[in-house]
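**Q** Residue numbers (UniProt numbering): 1 to 363. By construction, the Cβ of each residue, glycine as well, lies at the ideal position given by its N, Cα and C atoms. All values derive from a computational prediction rather than experimental measurement.
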Amino acid sequence: MAARKAKENYTASVATYGYMKDSEKKGHLIVDDEVAEIVKRIYREYLEGKAIYKIAQGLNDDGVVAPSIHLKRKIGNGYIRHNATLLLTTVCVRRMLCNQTYLGHVVYHKYEQESVGGNDKKILDPDEWKIVKNMHEPLVSQKDFDKAQKRLQSNKKVKRVYPKHCLSGMVECGICGHNMRHANSGRPRYECAFTYFNINHKHDRNSIIDVDIEAAVLSALQKEFDLKAESESIYEERKERQQGKIHDAQKRLKEMERSLDQLYDDQQESFESYKAGMTEKDTFIQQKQIYEQLEERLNEKIRMQKEAVEKLEDEADAMPNGLSVSMGKIQADHLTRELTEEFVDKVLVWPGQKIEIRWKFRK
């Protein structure tokens with residue numbers, strides 16, 4: 001709850017890189033001496049004029065691992081995925097340069113959950129964030145933080161917005177197992193960016209033009225359809241997957257409705273506390289405003305989720321965009337995002353245009 005967050009300070013499940021959760025004081029952060037100097041180094045080098053990618057490269061060369069890996073080692077969770085990003089990336093460094101937690105502040109209400117998909121979140125406009133200042137020891141001064149923001153803004157380029165590619169997030173490097181990024185500059189392509197961030201651990205350049213991988217996946221998909229001979233089996237498999245999506249969406253809707261019920265209970269408890277003289281009027285009014293905002297936002301998300309469930313139910317018997325049926329046979333006309341999400345698990349790529357496609361078809 002927003003009201004509770006304002007009182008209990010830091011309520012995230014894990015501490016921001018550079019800090020640890022205080023075992024003696026709930027909701028309080030203390031400095032993680034093991035990596036706090038790395039945060040200070042990032043700000044120092046950036047204010048000295050070093051480029052972000054150079055900062056990341058220097059840290060990687062010195063053996064500094066990504067925050068997620070540091071956390072796993074810190075809390076004793078030994079399981080690290082084979083394709084986990086061990087390296088500090090430019091994205092990671094940039095996020096540290098923008099994180100107000102390093103000023104000693106607690107920042108919350110930065111994200112809102114999307115209705116469709118259940119677990120996806122969208123970042124809110126900074127004006128909507130909630131900030132409680134001076135709650136723990138800062139690692140960066142306000143002066144240095146402001147200088148960093150000024151430089152970040154001056155270096156900002158107007159980015160062209162490209163639609164999400166139909167295979168984005170599904171293409172992996174066959175050499176190292178890391179996800180390959182889709183680059184739109186020059187000839188649009190997928191490339192393994194892993195080698196860019198660590199001079200000591202490079203492998204052969206690995207990339208593939210996106211139209212080439214599209215054509216290969218489309219051709220292979222058509223062969224899979226031909227092998228199945230009859231379209232009914234594909235319909236049945238898809239229907240099972242759609243029912244799974246509908247079930248997940250309905251489950252998410254019920255969770256939202258339970259959250260709304262809990263919100264009403266919290267509102268009633270707040271009112272009774274005020275009525276009994278346990279809460280001051282100003283505090284009660286502030287809590288009431290927060291509850292009303294949360295109620296409005298949650299009701300809107302419930303409305304959107306209901307629409308999402310209805311849409312999934314309407315689409316349950318339809319084939320995805322990009323397919324057609326002729327004489328009982330399925331024809332893959334062109335590759336679409338809807339099509340790849342339906343049938344493609346992942347595509348492994350090796351140098352020399354060699355690929356391996358792993359399907360979602362039932363074995």
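#1: Is residue 355 helix, strand or coil when you go by DSSP?
#2: Please indicate yes or no: does the CB of residue 124 lie closer than 7 Å to some heavy atom of the ligand HEM?
#3: By a C-beta neighbour count over all protein chains shown, 10 Å radius and 16 as the cutoff for buried, is residue 134 buried or exposed?
#4: Hey, how far is the Cα of residue 335 from the Cα of residue 208?
#5: Let me know the secondary structure DSSP gives residue 178 once reduced to three states.
#6: Under three-state DSSP, which class holds residue 278?
#7: Quick check: what's the CA-CA separation for residue 171 versus residue 252?
#8: Might you give, ordered along the chain, the residues of its own chain that have their beta carbon closer than 8 Å to the beta carbon of residue 62, omitting 5 neighbours on each side?
#9: How would you call residue 310, buried or exposed, if buried means at least 16 neighbouring beta carbons within 10 angstroms?
#10: Would you kindly report the start and end of the unbroken alpha helix (DSSP H) that includes residue 43?
#11: Using the C-alpha atoms, what's the distance from residue 338 back to residue 189?
#12: To which residues of the same chain is residue 358 closer than 6 Å at the C-beta, ignoring the five residues directly before and after it?
#13: Bridge partners of residue 191, per DSSP?
#14: Skipping 5 residues on each side, what residues in its chain have a beta carbon closer than 6 Å to that of residue 147?
#15: Could you check what DSSP says for residue 51 in three-state terms: helix, strand or coil?
#16: Considering residue 100, what are the terminal residues of the alpha helix (DSSP H) in which it resides?
#17: Distance check for residue 284 and residue 271, CA to CA, integer angstroms please.
#18: In the DSSP assignment, what are the bridge partners of residue 21?
#19: Throw me the rounded Cβ distance for the residue 43 and residue 90 pair, which I believe falls under 8 Å.
#20: Suppose the cutoff is 8 Å on Cβ atoms and the five residues either side in sequence are ignored; what does the same chain contact list for residue 354 look like?
#21: Put residue 162 into one of helix, strand or coil per three-state DSSP.
#22: Excluding the five sequence neighbours on either side, which residues of its own chain have a C-beta within less than 7 Å of the C-beta of residue 183, listed in chain order?
#23: Rounded to whole angstroms, what is the Cα-Cα separation between residue 306 and residue 293?
#24: For residue 145, which residues of its own chain have a beta-carbon under 6 Å away from its beta-carbon, when the five flanking residues on both sides are left out?
#25: Say whether chain B places a C-beta atom closer than 8 Å to the C-beta of residue 59.
#26: Confirm, please, whether the CB-CB distance from residue 64 to residue 97 is below 8 Å.
#27: With H, G and I counted as helix, E and B as strand and the rest as coil, what does DSSP make of residue 14?
#28: In the structure shown, what three-state DSSP assignment does residue 81 receive?
#29: Kindly list the residues whose CB is nearer than 8 Å to the CB of residue 142, restricted to its own chain and excluding five residues on each side of it in sequence; keep chain order.
**A** The relevant details are as follows:
#1: strand
#2: Judged by which ligands are present, the structure shown has none, so any question about the ligand HEM falls away.
#3: exposed
#4: 17 Å
#5: coil
#6: coil
#7: 28 Å
#8: none
#9: exposed
#10: 36-47
#11: 20 Å
#12: 345, 346
#13: 181, 207
#14: 47
#15: coil
#16: Unbroken run through residue 100: none, as it is neither H nor E.
#17: 7 Å
#18: 29
#19: Contact flag wrong, Cβ pair sits at about 15 Å.
#20: 174
#21: coil
#22: 189, 191
#23: 20 Å
#24: 103
#25: In the structure shown, chain B cannot be found, because there is only a single protein chain.
#26: no
#27: coil
#28: Model confidence at residue 81 stands at a pLDDT of 48, short of 50, so the residue's coordinates are unreliable; what they give is reported in the following sentence. Coil.
#29: 103
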